[in-house]
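What follows is a set of notes on a single structure, which appears directly below.
Number of protein chains: 2
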Amino acid sequence: MAQLELALEHIDAQLRAYIEELKEWVRMPSISAGAQEDCCEALARAADFAVAQCEGIGLRARKVQVSPDTNPLVVACSASFAAGRPTVLIYGHYDVQGVDNPRSAWTNDPFGAAERDGYLLGRGASDNKGPCFAHLKAAQALHATGGLPVNLVMLIEGEEECGSRALSQFIAGGGLDEFGPIRGVVISDTSMYGPDRPSLTLGLRGILFFQMTVHGPKQDVHSGLFGGTIHNPNHLLVRALAALHDVEGRVRVPGFYDQVQPLSRREKTFYDALEVDEAAYCRNLGVKGLTGEPGYSLLERRWTRPTLAINHLSGGSPRTVIPARAAAVISCRLVPDQQPEPIETALQQYLRDQLPAGTEVEFGNSHHSPAYHLDPDHPLVPRALQAIRTGFGLEPLLTREGGSIPIVTQLHQRTGAPVLLVGLGQITDNWHGPDEHFNLRDFHRGIRTSAALLCALAEV
Amino acid sequence: MAQLELALEHIDAQLRAYIEELKEWVRMPSISAGAQEDCCEALARAADFAVAQCEGIGLRARKVQVSPDTNPLVVACSASFAAGRPTVLIYGHYDVQGVDNPRSAWTNDPFGAAERDGYLLGRGASDNKGPCFAHLKAAQALHATGGLPVNLVMLIEGEEECGSRALSQFIAGGGLDEFGPIRGVVISDTSMYGPDRPSLTLGLRGILFFQMTVHGPKQDVHSGLFGGTIHNPNHLLVRALAALHDVEGRVRVPGFYDQVQPLSRREKTFYDALEVDEAAYCRNLGVKGLTGEPGYSLLERRWTRPTLAINHLSGGSPRTVIPARAAAVISCRLVPDQQPEPIETALQQYLRDQLPAGTEVEFGNSHHSPAYHLDPDHPLVPRALQAIRTGFGLEPLLTREGGSIPIVTQLHQRTGAPVLLVGLGQITDNWHGPDEHFNLRDFHRGIRTSAALLCALAEV
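Chains as they are written, first to last, in the numbering used here: chain A, 1 to 460; chain B, 1001 to 1460.
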């Protein structure tokens, strides 16, 4: 533990310098989602910044151009892999969401990296440059105070906000094989349970996403001249979609819940013990009340139960037409043991079954990823909790999250290693929204946590 | 009848000149729907053209600026009203639809006014400059061959494609009162039953139009983080909308059909006798088959039965969101005796009733107009039929149409006069679509019909 103490002192002393460095990174408009052309240069600069940071820790770093139209993937690893020393993989991303959501809703420059009241303001500050940088600085502190205690692999991608295509191809193509067995994967791309409520996230829901299109006449036609004599795709679509849920919110698709296992008593105990401020939750969302699948708590609904949502509806135009087509985007959040493929098949068949014979229906833009779940009895869980305790000086919680990070599932499946999800941001940090911000106190405590975790993972 | 014969000869001799004049009008891009600023000048020119045409018949014509933001309304009338001579009102419009539907789908210049294979090509050729011009030329021919046999009022508006606001205000404000009693209103803004199938249209359906918005969280929120715990406006909207029709297509709103009278045996006989090519109808629309309210023929469904259509669906975005709101545009086609107001009330209440208590629902953008219907036993009907017979040399049909022209209802209600709907275009002329066109043979026969009709209406 002597090295960790030195490293923590180093971190405390260097914090101000770290923050100034992080601001440089946040100032780069490395937008990957709905990117304009002029973001290419910023994406390249943000990747170069990550390469330079990795090199500063003595890592061998490179930008990998997986295919001509993907953003560079930063891959870095210890210059030499010491035998008998475990290998740890840390993942983060340097790309950020756009800022037109809408741009006028921002009260500060999204790429100004201003500091106010202990927060760093700017797109990417919390998602994910700040948390990713915490790991880089922890590694640097260890590097500066005796060397890294583990073989380190850093994967910092530039497409998290637009599908992780390059990284996914890199992993699927065996890009990780050269690093040998991985003891643990560390990711800070989830959230803390709340302010001063650091947590280890045991699970993420999977996702199943597709678009459904119902076709009608060859073009939009006049509802007065032709309405009432041909099928209206809007009518067929709403009929099919309305059959997806019962009036209490349960999904009616046969087999949808078949593979869902009941939550273990152990995990249920953790989650039941978490404080939930339903009034604040409603206030934050601007809703008058809550709803959801009967028989489950708010957290169970968000974290442990599968859902089906109609995310997008489109059809026709606000004039008197019978439209040529109507479409919906549908997505499910899946829980452990649910396999996406059979659910997709059952769901699309069920939707077809609601429509008259001969209706032309098309399903497209499909993608899916199973849930990720870490057994709370896994031996690395207590080490991760101890690291959080050391870094934050607070008792960590065990949680899950309702969102999906397909790359987490893929990293887990490919390496067989547990993925330790140590969120440093807050659910209220406005990821993807205007005025994104990141608590610099959590940046500090996050660097400390990462240093402690790397030391903990080094122990055999 | 001597004058009519002279006028018909005059028309036949002048046809080529009439066509060249019409081309001038069609070349003016007098777009009123979704108009760009540079259409103002073209709208003004098209109105001036109409004024000049009216003056050429010896009418007193003026452009009326009903309010500062409306397009000029052309109002013209006989310089002196002869006592004991009936007054006839002819309505048309000089404004046209836009051409971005899409622009690339046009195979000719929308404002080139090219002539090909007996058709005049261009936006507005059939809707409504060509048919409107047929009446102007008929009046001119009568003016040139002994004078107009009736007191004539011409109303040529510039906002038919965007709501007829100025004309509606003009009529509601008593603008027609100075003309005294009107014997008949003549309008050619409907269609013939088919090629070489001239018809008198006995009815138009009314319309009820509104938008429904269901509100949810204050902004689009992440479906993984918040889905399954709050109401999804898309789900609520499709639930409400799916309840509007039964599986066979009948409207389920209580009272919707209460005021609908059965079609008279007389009219049913007319419509049952009309030939219907269902295969061509399907081919034209690009659908595999027909559907609709059980127990009614295709023409009854289109012309005599009320319908309810969901014209537009919108909600959320094609990403994993729970949307802040979801909206639908709903419109009904109403038949004679259906009053829009109670139906609107019942329909909106029914939609509310499908939603959980406390759901925030908003109805807006509402407008409506009752159906128009002319009794086939009205004494002017045989005169109109005879005029069509004279003009076309073909036996006319009695029909209805499924569309709605609110200004027709308003003109009828205000003047108490029958509106004689003598369509000169075809349903296949691509009104509002690309490559609009107008059969010049029907232009010719239309001018002749109009001259015959004015003479017929002059008879006491």
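C-beta atoms are modelled at their ideal positions from N, C-alpha and C, and glycine is treated no differently.
Item: Under a CB-based cut-off of 8 Å, is B:Gln1410 close to chain A?; Value: no
Item: Suppose the cutoff is 8 Å on Cβ atoms and the five residues either side in sequence are ignored; what does the same chain contact list for B:His970 look like?; Value: An answer regarding residue 970 of chain B cannot be provided, because it is not within the stretch 1001 to 1460 covered by chain B.
Item: Consult DSSP for B:Thr1087 and reduce its assignment to one of helix, strand or coil.; Value: strand
Item: Out of A:Val96, A:Leu4, A:Ala371, A:Ala113, point me to the one whose CA is closest to A:Ser30's CA.; Value: A:Val96
Item: Indicate the three-state DSSP secondary structure (helix, strand or coil) for B:Asn1101 in the structure shown.; Value: coil
Item: So, is the C-beta of B:Gln1211 closer than 8 Å to a C-beta in chain A?; Value: yes
Item: Give a yes or no on whether the C-beta atoms belonging to A:Val422 and A:Val88 are separated by under 8 Å.; Value: no
Item: Does A:Thr291 come within less than 8 Å of chain B when only Cβ atoms are used?; Value: yes
Item: Using the beta-carbon count (16 or more within 10 Å), is A:Ser188 buried or exposed?; Value: buried
Item: Sort A:Leu454, A:Ala33, A:Ala309 by Cα distance to A:Gln386 and report the nearest one.; Value: A:Leu454
Item: At 4 residues or longer, what runs of the alpha helix (DSSP H) sit wholly inside the region 1365-1420 of chain B?; Value: 1380-1392, 1406-1415
Item: Is there a Cβ of chain B sitting closer than 8 Å to that of A:Pro406, yes or no?; Value: no
Item: Along the chain, where does the beta strand (DSSP E) that runs through A:Tyr119 open and close?; Value: 119-121
Item: Mapping DSSP to helix, strand and coil, what is B:Thr1190?; Value: coil
Item: Please list the terminal residues of the continuous beta strand (DSSP E) segment that includes B:Gln1211.; Value: 1206-1215
Item: Within the continuous alpha helix (DSSP H) that includes A:His235, where are the two ends?; Value: 233-242
Item: How would you call A:Cys54, buried or exposed, if buried means at least 16 neighbouring beta carbons within 10 angstroms?; Value: buried
Item: Just how far apart, CA to CA, sit B:Glu1267 and B:Thr1307?; Value: 20 Å
Item: Along the chain, where does the alpha helix (DSSP H) containing A:Arg252 start, and where does it finish?; Value: That residue, A:Arg252, is in no alpha helix (DSSP H); it is neither H nor E in DSSP.
Item: How far does the alpha helix (DSSP H) with A:Ile310 in it extend, from its first residue to its last?; Value: Element bounds for A:Ile310: not the alpha helix (DSSP H) but the beta strand (DSSP E), 307-316.
Item: Less than 8 Å between the C-beta atoms of B:Phe1256 and B:Ile1310, yes or no?; Value: no
Item: DSSP has B:Ile1171 in a bridge; who is on the other side?; Value: According to DSSP, which records beta bridges pairwise, B:Ile1171 is partnered with nothing at all.
Item: The alpha helix (DSSP H) spanning A:Leu142 covers which residue range?; Value: 130-144
Item: Taking Cβ-Cβ distances shorter than 8 Å, what residues in chain B pair up with A:Ser223?; Value: Thr1307, Ala1309, Asn1311, Ser1331, Arg1333
Item: Alpha carbon to alpha carbon, how far is B:Cys1040 from A:Thr70? Give it in angstroms, no decimals.; Value: 48 Å
Item: Could you tell me which residues DSSP pairs with A:Glu360 in its beta bridges?; Value: A:His215
Item: Whose CA, out of A:Glu459, A:Gly315, A:Asn439, A:Val75, lies closest to the CA of A:Ala324?; Value: A:Gly315
Item: Please state whether DSSP places A:Phe438 in a helix, a strand or coil.; Value: strand
Item: For chain B, check one thing: does any of its Cβ atoms lie closer than 8 Å to the Cβ of A:Arg252?; Value: no
Item: Quick one: list the residues of chain B neighbouring A:Pro217, beta-carbon separation under 7 Å, in chain order.; Value: Leu1285, Gly1286, Val1287
Item: Whole-angstrom Cβ separation of B:Ser1331 and B:Phe1209, contact assumed at under 8 Å?; Value: 4 Å
Item: Spell out the partners DSSP gives B:Ile1156 in its beta bridges.; Value: B:Val1074, B:Gly1092
Item: Kindly identify the DSSP beta-bridge partner or partners of A:Arg116.; Value: A:Tyr119
Item: Anything in chain B within Cβ reach of A:Ala326, meaning under 7 Å, just list it in chain order.; Value: Leu1313
Item: Can you name, in chain order, every residue of its own chain whose Cβ lies under 6 Å from the Cβ of A:Val247, other than the five neighbours on each side?; Value: none
Item: Taking the alpha-carbon positions, what's the A:Ile427 to A:Leu200 distance?; Value: 14 Å
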